[in-house]
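Scroll down for the structure; my scribbles are underneath it.
Residue numbers (the UniProt record's numbering): 1 to 242.
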């Protein structure tokens, strides 16, 4: 059984590595965005560590959303998803392969942003903070992977990229990942509390002591409930597709 999961993860990663249209934007966009607007022209303002963590949150969400949404939509329309469901392979292997591939690129993104932050913005964290931050950032991609899965199950392969961008970029801005929430209007700040990007970023900010003070339990509860809801929607959609 373990071999099935390993092989599925291996081939899913290989397929992405053969698709520069996916991995080049996923890897370069957060790094370039952070370097120009977080380092050279720090319009984000604030503590350098806070700015780096905000861009790290923005960076790791992308692979989870896009990999699931676009790949699942394509597999569904081309019939591969139906074929996999009819095969002896458990669908959990398919899902875990997608998430592991997303995490692979997320790790590269994080290491790149860590190097930029440490080298050009003099970000200094303890070893424990670096490790805890990495763990939070990687585990926190799960709700966004599930969101991408739901998008892929409902949208066509041509519509999925546009839908992801319509969700991803506004959620990043409104959650304060590009500019601090404190400089945004009050009504925008009130919107942020209902966004998964906000709660995800606040968990990461808590590691470096730059969060807004809400309980960690509040952020975790929000993300757990959201993940459960998205998982239920995906399960319902799978049953309707049977």
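Idealized CB from N, CA, C, for every residue including glycine.
If you draw a straight line from the alpha carbon of residue 57 to that of residue 199, how long is it in whole angstroms? 11 angstroms
By Cβ distance, which residues of its chain are closer than 6 angstroms to residue 157, with the 5 residues on each side in sequence left out? 73, 74 and 77
Just checking my contact of residue 196 with residue 226 at CB under 8 angstroms: how many whole Å lie between their CB atoms? Their Cβ separation, rounded to whole angstroms, is 6 angstroms, which keeps residue 196 and residue 226 in contact under 8 angstroms.
Short of 6 angstroms in beta carbon distance, which residues of its chain neighbour residue 150, apart from the five on each side in sequence? Order them along the chain. 230, 233 and 234
Tell me, please, whether the region 176–190 touches the region 122–139 by the rule of three or more beta-carbon pairs shorter than 8 angstroms. no
Just checking my contact of residue 137 with residue 110 at CB under 8 angstroms: how many whole Å lie between their CB atoms? About 6 angstroms; that satisfies the 8 angstroms criterion.
Integer-rounded CB distance, given that residue 119 should sit under 8 angstroms from residue 48: No, residue 48 and residue 119 are not in contact; Cβ-Cβ is about 11 angstroms, not under 8 angstroms.
Opening and closing residue of the alpha helix (DSSP H) in which residue 54 lies: Counting along the chain, the unbroken alpha helix (DSSP H) around residue 54 starts and ends at 48–78.
Proximity to residue 139 [Cα-Cα], best of 113, 92 and 106: 106
Cβ shell of residue 17 (< 8 angstroms), same chain only, five flanking positions each side left out: 23
Less than 7 angstroms between the C-beta atoms of residue 65 and residue 164, yes or no? Contact: yes.
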